[in-house]
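The opening residue of the sequence shown carries number 1 in full-length UniProt numbering; numbering runs sequentially from there. Working notes, structure below.
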Amino acid sequence: MYLENLNAPAGFVITGVAFQCSKEPSPEGGCFGLLELKIRVTLFDYFEGRLIEDSRTEWRINTHDPVTGPIEIRLDNSDLPTKSPKNRVDWAYGHYVKFQRSDLSKDAAQSMVPFFDVQDVEGELEFPLGAIGILHRGHEGYGGFLAFKINTIHVGQYFKMKFDED
1 MYLENLNAPA
11 GFVITGVAFQ
21 CSKEPSPEGG
31 CFGLLELKIR
41 VTLFDYFEGR
51 LIEDSRTEWR
61 INTHDPVTGP
71 IEIRLDNSDL
81 PTKSPKNRVD
91 WAYGHYVKFQ
101 RSDLSKDAAQ
111 SMVPFFDVQD
121 VEGELEFPLG
131 AIGILHRGHE
141 GYGGFLAFKI
151 NTIHVGQYFK
161 MKFDED
């Protein structure tokens, strides 16, 4: 799964989120087949607080560097992340993690890691969604957690657009 952050362009808000399988070739010529986020964005009138032309919505994905390709965050010999003493965020653009079994000697390979963090992801109700991402929190020797992160729109862009129109 790609660890990435997707931002709605200026004047748009996020109105949908989905996963899709990437089709990017690996350096060996195969397919990574990684899951990646895609967002649906819709024009938004901040001052009216409404979507504009809901029929003109579009889906967007991140483009990944075809030369360097994504970099794997290795989860070798992973124990259950719930046993980890401390988790830190190890996220960077262009990185990914693979779902894999836990370590045979630590957990009898009976779990898939990383786990999904099921804590609520909440933003300000008054502000529309401007960005969404997936990050990995983990500790060496443990599978870690995949978690969503969200950000509201950057309100300053709407005031700049309004002043530019006047």
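Think of the CB as a built atom: it goes at the ideal place given N, C-alpha and C, for glycine as much as any other residue.
Cα separation between residue i and residue j?
i: Phe47; j: His139; result: 44 Å
i: Pro81; j: Phe145; result: 7 Å
i: Thr68; j: Ile14; result: 29 Å
i: Ile153; j: Met112; result: 35 Å
i: Gln100; j: Ala131; result: 28 Å
i: Pro128; j: Leu3; result: 22 Å
i: Gly141; j: Asp79; result: 6 Å
i: Ala18; j: Glu126; result: 23 Å
i: Thr57; j: Thr63; result: 19 Å
i: Met1; j: Tyr96; result: 5 Å
i: Ser102; j: Phe115; result: 11 Å
i: Gln110; j: Gly123; result: 35 Å
i: Ala8; j: Glu53; result: 16 Å
i: Asp117; j: Asp107; result: 20 Å
i: Ser105; j: Asp45; result: 56 Å
i: Asn151; j: Gly94; result: 20 Å
i: Arg88; j: Gln20; result: 27 Å
i: Gly33; j: Ala92; result: 19 Å
i: Leu35; j: Ile61; result: 11 Å
i: Arg74; j: Pro85; result: 19 Å
Buried or exposed for residue i, please, with buried defined as at least 16 other CB atoms from any protein chain shown within 10 angstroms of its CB.
i: Leu37; result: buried
i: Asp76; result: exposed
i: Thr42; result: buried
i: Arg50; result: exposed
i: Ala10; result: exposed
i: Pro70; result: buried
i: Gly133; result: buried
i: Ser55; result: exposed
i: Arg137; result: buried
i: Gly143; result: buried
What is the DSSP secondary structure of residue i, reduced to helix, strand or coil?
i: Thr42; result: strand
i: Leu75; result: coil
i: Leu80; result: coil
i: Gly138; result: strand
i: Gly16; result: strand
Could you tell me which residues DSSP pairs with residue i in its beta bridges?
i: Ile132; result: Leu6 and Ile150
i: Val113; result: Gln100
i: Leu35; result: Cys21
i: Val89; result: Arg137
i: Phe145; result: Phe115 and Arg137
i: His95; result: Leu3 and Ile71
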